[in-house]
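Enquirer: The opening residue of the sequence shown carries number 27 in this note's numbering; numbering runs sequentially from there.
Note that CB positions come from ideal geometry on N, CA and C, so glycine has one too.
Everything numeric in this text was worked out from a predicted model, so none of it was measured.
I have a structure here, written as C-alpha coordinates, and I will follow up with some questions on it.
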Amino acid sequence: MKKVLIILLVLLLIGSGIFFWSRRNNSVQNLEIRDQNLIKNNDVIPIAQAPITIVTNPIGATIKLDGNEEGKTPLSLSNLVKESYRLEIQKDGYQTIVATLFPRENKGFISLALTPITPTQSSVPIAIVSSKPTSISHSDQPSTEDMQTYLNTLLENDPNIPLALAGKVNVPLGYRFPDTFDLTKKVYLEIIKPTLEQDSLSKQMPLLARSFLFAQLRDRFYYDPQNGVIVSAEKNQFAISIINFGFFDPTHISLNQGMELVWFNQNNKACELRTDPKSPQKINQTIMPQTTSSIQLVEKGIYLFFCQGNPGPLQTVTVS
(Lines of atoms letter the chains of each structure in order from A; the text may use other names.)
(Lines give C-alpha, C1' and ligand atoms only; values in the text may rest on other atoms or scores of the structure.)
Protein backbone atom coordinates (compact mmCIF):
# COMPACT_ATOMS: atom_id res chain seq x y z
CA MET A 27 0.00 0.00 0.00
CA LYS A 28 2.84 2.33 0.88
CA LYS A 29 4.51 1.67 -2.50
CA VAL A 30 1.28 2.49 -4.32
CA LEU A 31 1.01 5.84 -2.50
CA ILE A 32 4.63 6.71 -3.31
CA ILE A 33 4.10 5.91 -7.01
CA LEU A 34 0.94 8.05 -7.11
CA LEU A 35 2.77 10.93 -5.39
CA VAL A 36 5.67 10.75 -7.88
CA LEU A 37 3.27 10.73 -10.83
CA LEU A 38 1.40 13.72 -9.36
CA LEU A 39 4.62 15.69 -8.98
CA ILE A 40 5.75 14.86 -12.53
CA GLY A 41 2.34 15.88 -13.95
CA SER A 42 2.35 19.16 -12.01
CA GLY A 43 5.85 19.94 -13.22
CA ILE A 44 4.89 19.32 -16.84
CA PHE A 45 1.75 21.52 -16.47
CA PHE A 46 3.60 24.49 -14.91
CA TRP A 47 6.51 24.19 -17.35
CA SER A 48 4.04 24.26 -20.26
CA ARG A 49 2.24 27.35 -18.86
CA ARG A 50 5.55 29.13 -18.32
CA ASN A 51 6.76 28.35 -21.86
CA ASN A 52 3.50 29.60 -23.44
CA SER A 53 3.67 32.84 -21.38
CA VAL A 54 7.18 33.61 -22.61
CA GLN A 55 6.24 32.95 -26.24
CA ASN A 56 3.17 35.19 -26.01
CA LEU A 57 5.24 37.95 -24.40
CA GLU A 58 7.82 37.78 -27.17
CA ILE A 59 5.09 37.98 -29.82
CA ARG A 60 3.57 41.03 -28.15
CA ASP A 61 6.97 42.70 -27.96
CA GLN A 62 7.63 41.97 -31.62
CA ASN A 63 4.27 43.49 -32.56
CA LEU A 64 5.02 46.67 -30.61
CA ILE A 65 8.40 47.08 -32.27
CA LYS A 66 6.92 46.44 -35.68
CA ASN A 67 4.13 49.01 -35.21
CA ASN A 68 6.49 51.72 -34.04
CA ASP A 69 8.79 50.99 -36.94
CA VAL A 70 6.30 51.18 -39.81
CA ILE A 71 3.89 53.95 -38.75
CA PRO A 72 5.70 57.34 -39.07
CA ILE A 73 4.16 60.56 -37.80
CA ALA A 74 3.40 62.83 -40.77
CA GLN A 75 3.84 66.59 -40.33
CA ALA A 76 1.24 69.22 -41.20
CA PRO A 77 1.20 70.42 -44.85
CA ILE A 78 3.47 73.35 -45.76
CA THR A 79 2.71 75.78 -48.58
CA ILE A 80 5.71 77.44 -50.24
CA VAL A 81 5.33 80.53 -52.41
CA THR A 82 8.18 82.43 -54.05
CA ASN A 83 8.41 85.90 -55.45
CA PRO A 84 8.33 85.52 -58.44
CA ILE A 85 6.34 82.29 -58.71
CA GLY A 86 7.27 79.30 -60.89
CA ALA A 87 10.43 78.25 -59.03
CA THR A 88 11.34 74.57 -58.88
CA ILE A 89 11.25 73.00 -55.41
CA LYS A 90 13.49 70.05 -54.54
CA LEU A 91 13.52 68.08 -51.29
CA ASP A 92 16.61 65.93 -50.70
CA GLY A 93 17.36 66.21 -54.42
CA ASN A 94 13.90 65.08 -55.56
CA GLU A 95 11.85 67.53 -57.64
CA GLU A 96 8.45 68.16 -55.99
CA GLY A 97 6.94 70.76 -58.34
CA LYS A 98 6.83 74.50 -58.93
CA THR A 99 5.70 77.31 -56.65
CA PRO A 100 3.16 77.96 -55.33
CA LEU A 101 3.38 74.43 -53.96
CA SER A 102 1.78 72.60 -51.03
CA LEU A 103 3.94 69.86 -49.50
CA SER A 104 2.32 67.12 -47.42
CA ASN A 105 3.30 63.78 -45.88
CA LEU A 106 6.56 65.24 -44.57
CA VAL A 107 7.64 62.43 -42.24
CA LYS A 108 11.29 63.32 -41.69
CA GLU A 109 12.68 65.71 -39.09
CA SER A 110 14.45 67.78 -41.75
CA TYR A 111 14.93 68.03 -45.52
CA ARG A 112 17.48 69.68 -47.80
CA LEU A 113 15.45 72.34 -49.59
CA GLU A 114 16.51 73.76 -52.97
CA ILE A 115 14.65 76.53 -54.79
CA GLN A 116 15.73 77.15 -58.39
CA LYS A 117 14.57 79.50 -61.14
CA ASP A 118 16.33 80.67 -64.28
CA GLY A 119 17.70 84.19 -63.88
CA TYR A 120 17.65 84.03 -60.07
CA GLN A 121 20.12 82.88 -57.45
CA THR A 122 19.44 79.38 -56.13
CA ILE A 123 18.39 79.14 -52.49
CA VAL A 124 19.64 76.19 -50.44
CA ALA A 125 18.33 75.68 -46.90
CA THR A 126 17.31 73.08 -44.37
CA LEU A 127 13.56 72.71 -43.99
CA PHE A 128 12.30 71.71 -40.54
CA PRO A 129 8.63 70.66 -40.95
CA ARG A 130 7.87 70.84 -37.22
CA GLU A 131 9.13 74.43 -37.04
CA ASN A 132 7.73 75.68 -40.36
CA LYS A 133 4.06 74.72 -40.18
CA GLY A 134 1.75 76.69 -42.42
CA PHE A 135 3.03 79.14 -45.00
CA ILE A 136 6.56 79.96 -46.16
CA SER A 137 7.30 82.97 -48.37
CA LEU A 138 10.72 83.49 -49.96
CA ALA A 139 11.89 86.23 -52.32
CA LEU A 140 14.26 85.23 -55.12
CA THR A 141 17.22 87.51 -55.84
CA PRO A 142 17.80 88.33 -59.53
CA ILE A 143 21.26 87.49 -60.88
CA THR A 144 23.01 90.71 -61.89
CA PRO A 145 25.83 90.82 -64.49
CA THR A 146 28.40 90.90 -61.67
CA GLN A 147 26.93 87.90 -59.82
CA SER A 148 27.39 84.19 -60.41
CA SER A 149 24.74 81.49 -60.08
CA VAL A 150 26.41 79.90 -57.04
CA PRO A 151 23.69 78.76 -54.61
CA ILE A 152 23.04 80.98 -51.61
CA ALA A 153 22.97 79.14 -48.30
CA ILE A 154 20.47 80.47 -45.76
CA VAL A 155 22.61 81.57 -42.80
CA SER A 156 20.07 80.53 -40.19
CA SER A 157 19.50 77.24 -42.07
CA LYS A 158 15.77 77.73 -41.58
CA PRO A 159 13.56 79.43 -44.19
CA THR A 160 11.45 82.35 -43.13
CA SER A 161 8.20 81.09 -41.72
CA ILE A 162 4.94 83.01 -41.62
CA SER A 163 2.98 81.75 -38.66
CA HIS A 164 -0.76 82.17 -38.22
CA SER A 165 -3.65 80.06 -37.07
CA ASP A 166 -5.36 79.81 -40.48
CA GLN A 167 -3.89 77.28 -42.91
CA PRO A 168 -4.09 78.91 -46.38
CA SER A 169 -5.95 76.78 -48.89
CA THR A 170 -5.06 76.38 -52.55
CA GLU A 171 -7.99 78.64 -53.40
CA ASP A 172 -6.69 81.35 -51.04
CA MET A 173 -3.26 81.15 -52.61
CA GLN A 174 -4.59 81.34 -56.17
CA THR A 175 -6.88 84.27 -55.36
CA TYR A 176 -3.98 86.15 -53.82
CA LEU A 177 -1.65 85.45 -56.75
CA ASN A 178 -4.31 86.36 -59.31
CA THR A 179 -4.78 89.71 -57.58
CA LEU A 180 -1.06 90.41 -57.85
CA LEU A 181 -0.91 89.34 -61.50
CA GLU A 182 -3.79 91.64 -62.46
CA ASN A 183 -1.99 94.74 -61.16
CA ASP A 184 0.15 96.93 -63.40
CA PRO A 185 3.84 97.01 -62.29
CA ASN A 186 3.96 100.58 -63.65
CA ILE A 187 7.31 100.04 -65.42
CA PRO A 188 8.55 103.35 -66.90
CA LEU A 189 8.80 103.48 -70.69
CA ALA A 190 12.58 103.97 -70.53
CA LEU A 191 12.93 100.60 -68.73
CA ALA A 192 10.38 98.60 -70.72
CA GLY A 193 11.81 95.16 -71.51
CA LYS A 194 14.98 95.90 -69.51
CA VAL A 195 13.94 95.14 -65.92
CA ASN A 196 11.90 92.41 -64.27
CA VAL A 197 9.62 93.72 -61.52
CA PRO A 198 9.01 91.04 -58.85
CA LEU A 199 5.46 89.79 -58.46
CA GLY A 200 3.50 91.90 -56.00
CA TYR A 201 5.53 95.10 -56.52
CA ARG A 202 5.32 98.17 -58.76
CA PHE A 203 7.15 101.39 -59.53
CA PRO A 204 5.72 104.40 -57.65
CA ASP A 205 3.71 106.95 -59.61
CA THR A 206 6.44 109.58 -59.29
CA PHE A 207 10.17 108.83 -59.29
CA ASP A 208 13.55 109.93 -60.57
CA LEU A 209 15.41 107.23 -62.51
CA THR A 210 18.74 108.94 -61.80
CA LYS A 211 18.31 108.05 -58.12
CA LYS A 212 17.57 104.90 -56.15
CA VAL A 213 13.85 104.11 -56.49
CA TYR A 214 12.16 101.82 -53.94
CA LEU A 215 9.33 99.75 -55.37
CA GLU A 216 5.88 99.87 -53.83
CA ILE A 217 3.92 96.77 -52.87
CA ILE A 218 0.61 96.01 -54.55
CA LYS A 219 -1.89 97.41 -52.09
CA PRO A 220 -3.96 94.82 -50.20
CA THR A 221 -7.72 95.23 -49.90
CA LEU A 222 -9.04 97.12 -46.89
CA GLU A 223 -10.71 94.02 -45.49
CA GLN A 224 -11.33 94.24 -41.73
CA ASP A 225 -12.09 91.40 -39.31
CA SER A 226 -15.48 91.94 -37.63
CA LEU A 227 -14.21 90.95 -34.17
CA SER A 228 -10.63 92.25 -33.95
CA LYS A 229 -11.30 95.30 -36.18
CA GLN A 230 -7.92 94.58 -37.80
CA MET A 231 -6.71 92.68 -40.86
CA PRO A 232 -7.75 89.01 -41.20
CA LEU A 233 -4.86 86.75 -40.23
CA LEU A 234 -4.28 85.39 -43.73
CA ALA A 235 -4.18 88.86 -45.32
CA ARG A 236 -1.88 90.06 -42.52
CA SER A 237 0.54 87.19 -43.18
CA PHE A 238 0.68 87.93 -46.92
CA LEU A 239 1.29 91.63 -46.23
CA PHE A 240 4.15 90.92 -43.82
CA ALA A 241 5.65 88.49 -46.36
CA GLN A 242 5.70 91.24 -48.99
CA LEU A 243 7.08 93.92 -46.69
CA ARG A 244 9.95 91.67 -45.58
CA ASP A 245 11.33 91.82 -49.13
CA ARG A 246 12.25 95.35 -50.21
CA PHE A 247 13.31 95.96 -53.80
CA TYR A 248 14.78 99.04 -55.41
CA TYR A 249 15.94 100.17 -58.83
CA ASP A 250 19.71 100.67 -58.97
CA PRO A 251 20.37 103.45 -61.50
CA GLN A 252 24.11 102.72 -61.74
CA ASN A 253 23.65 99.13 -62.95
CA GLY A 254 20.15 99.55 -64.41
CA VAL A 255 18.72 96.57 -62.47
CA ILE A 256 16.27 95.88 -59.66
CA VAL A 257 17.96 94.44 -56.58
CA SER A 258 16.85 93.19 -53.18
CA ALA A 259 17.65 95.34 -50.14
CA GLU A 260 19.72 93.83 -47.33
CA LYS A 261 17.32 92.53 -44.69
CA ASN A 262 19.62 93.50 -41.80
CA GLN A 263 19.26 97.17 -42.74
CA PHE A 264 15.57 97.62 -41.90
CA ALA A 265 12.67 96.45 -39.74
CA ILE A 266 9.00 96.41 -40.73
CA SER A 267 5.73 97.32 -39.07
CA ILE A 268 2.08 97.65 -40.03
CA ILE A 269 -0.29 100.32 -38.83
CA ASN A 270 -3.12 97.81 -38.74
CA PHE A 271 -6.31 99.92 -38.85
CA GLY A 272 -4.81 102.26 -36.26
CA PHE A 273 -3.03 99.56 -34.21
CA PHE A 274 0.75 99.20 -34.42
CA ASP A 275 1.73 95.66 -35.39
CA PRO A 276 3.98 94.59 -33.72
CA THR A 277 3.81 96.82 -30.67
CA HIS A 278 7.45 96.16 -29.65
CA ILE A 279 10.45 96.29 -32.00
CA SER A 280 14.21 96.04 -31.33
CA LEU A 281 16.77 97.12 -33.92
CA ASN A 282 20.35 98.29 -34.28
CA GLN A 283 21.48 101.88 -34.50
CA GLY A 284 21.29 103.27 -38.02
CA MET A 285 18.65 100.80 -39.26
CA GLU A 286 15.49 101.98 -40.98
CA LEU A 287 12.04 101.39 -39.57
CA VAL A 288 9.50 100.85 -42.36
CA TRP A 289 5.76 101.34 -41.74
CA PHE A 290 2.88 100.41 -44.03
CA ASN A 291 -0.33 102.22 -43.15
CA GLN A 292 -3.06 99.64 -43.75
CA ASN A 293 -5.94 101.98 -43.04
CA ASN A 294 -8.43 104.20 -44.84
CA LYS A 295 -7.13 107.36 -43.16
CA ALA A 296 -3.74 108.98 -42.69
CA CYS A 297 -1.54 108.45 -39.65
CA GLU A 298 -0.01 111.61 -38.17
CA LEU A 299 3.05 109.79 -36.80
CA ARG A 300 4.56 111.31 -33.68
CA THR A 301 7.03 110.43 -30.91
CA ASP A 302 6.63 111.28 -27.24
CA PRO A 303 8.90 114.06 -25.84
CA LYS A 304 11.26 111.58 -24.15
CA SER A 305 12.19 109.78 -27.39
CA PRO A 306 15.81 110.32 -28.63
CA GLN A 307 14.58 111.76 -31.96
CA LYS A 308 11.54 113.92 -32.62
CA ILE A 309 9.41 112.42 -35.40
CA ASN A 310 6.66 114.40 -37.08
CA GLN A 311 5.49 112.67 -40.25
CA THR A 312 2.30 111.93 -42.14
CA ILE A 313 1.79 108.43 -43.57
CA MET A 314 -1.02 108.40 -46.11
CA PRO A 315 -3.48 105.47 -46.35
CA GLN A 316 -1.97 102.28 -47.81
CA THR A 317 1.45 103.79 -48.38
CA THR A 318 4.92 102.97 -47.07
CA SER A 319 7.12 105.35 -45.11
CA SER A 320 10.52 104.83 -43.53
CA ILE A 321 12.72 106.60 -40.99
CA GLN A 322 16.36 105.95 -40.14
CA LEU A 323 16.85 105.88 -36.37
CA VAL A 324 20.40 107.10 -35.66
CA GLU A 325 20.08 107.80 -31.93
CA LYS A 326 20.15 104.99 -29.36
CA GLY A 327 17.38 104.72 -26.80
CA ILE A 328 13.69 103.91 -26.43
CA TYR A 329 11.19 105.50 -28.83
CA LEU A 330 7.44 105.71 -28.27
CA PHE A 331 5.45 106.14 -31.49
CA PHE A 332 1.76 106.94 -31.87
CA CYS A 333 -0.71 108.19 -34.46
CA GLN A 334 -2.03 111.54 -33.26
CA GLY A 335 -5.72 111.35 -32.43
CA ASN A 336 -5.70 107.55 -32.53
CA PRO A 337 -6.81 105.69 -29.38
CA GLY A 338 -4.67 102.63 -30.16
CA PRO A 339 -1.65 101.65 -27.99
CA LEU A 340 1.82 103.12 -28.43
CA GLN A 341 4.58 101.35 -30.33
CA THR A 342 7.82 100.85 -28.38
CA VAL A 343 11.03 100.78 -30.45
CA THR A 344 14.35 100.03 -28.74
CA VAL A 345 17.48 101.10 -30.65
CA SER A 346 20.81 99.71 -29.40
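(1) Could you tell me which residues DSSP puts in a beta bridge with A125?
(2) In this structure, how does DSSP classify L227 when only helix, strand and coil are distinguished?
(3) Helix, strand or coil for K261, going by three-state DSSP, please let me know.
(4) Applying the criterion that 16 or more other CB atoms from any shown protein chain within 10 Å of the CB defines a buried residue, is Q121 buried or exposed?
(5) Which of the three DSSP states, helix, strand or coil, is assigned to Q322?
(6) Between the Cα of N253 and the Cα atoms of L127, Q116, T82, V213, which residue gives the shortest distance?
(7) For a test of the three-state rule: what should DSSP assign to L8, helix, strand or coil?
(8) In angstroms with no decimal places, state the Cα-to-Cα distance between S280 and G327.
(9) Look up S267 in the DSSP assignment and say whether it is helix, strand or coil.
(10) Quick one: give me the first and last residue of the beta strand (DSSP E) that R236 is part of.
(11) Taking 8 Å as the cut-off, does the region 198 to 209 touch the region 282 to 299 (at least 3 CB pairs, one atom from each stretch)?
(12) Within 10 Å of its beta-carbon, does L138 have 16 or more other beta-carbons around it, so buried, or fewer, so exposed?
(13) Cutting at 8 Å between CB atoms, please list the residues of its own chain near E95, excluding the five before and the five after it.
(14) Reducing DSSP to helix, strand and coil, say where A296 ends up.
Expert: A quick look at the data gives this:
(1) By 1-based counting over the sequence shown, the position of residue 125 is 99. Bridge partners of A125: L113.
(2) Here residue 227 corresponds to residue number 201 of the sequence shown, with the count starting at 1. Here DSSP, grouped into helix, strand and coil, assigns L227 to coil.
(3) Residue mapping note: residue 261 aligns to position 235 of the sequence shown, counting from 1. DSSP places K261 within a helical segment (H, G or I) once states are collapsed to three.
(4) Your numbering for residue 121 matches position 95 in the sequence shown. Classification for Q121: buried.
(5) Counted from its first residue, the sequence shown places residue 322 at position 296. Residue state for Q322 is assigned as strand, using DSSP reduced to three classes.
(6) The sequence position of residue 253 within the sequence shown is 227, counting from 1. Each of L127, Q116, T82, V213 was checked against the Cα of N253, and the nearest Cα belongs to V213.
(7) Residue 8 is absent from the model: the chain starts at 27 and stops at 346.
(8) Position 254 of the sequence shown holds residue 280. Position 301 of the sequence shown holds residue 327. One C-alpha to the other measures close to 10 Å.
(9) Residue 267 sits at position 241 when you count from the first residue of the sequence shown. The DSSP-derived three-state label of S267 is strand.
(10) Within the sequence shown, numbered from 1, the residue matching residue 236 stands at position 210. Run containing R236: none in the beta strand (DSSP E); it sits in the alpha helix (DSSP H), 233 to 243.
(11) Here the region 282 to 299 does not lie against the region 198 to 209, with fewer than 3 beta-carbon pairs under 8 Å apart.
(12) Indexing the sequence shown from 1 puts residue 138 at position 112. The residue in question, L138, is buried, as its Cβ has 16 or more Cβ neighbours within 10 Å.
(13) On the sequence shown, residue 95 is found 69 positions in, with the first residue counted as 1. Within the same chain, E95 has close Cβ partners T88, I89.
(14) As a working mapping, residue 296 is identified with position 270 in the sequence shown. In this structure, A296 counts as coil in the three-state DSSP scheme.
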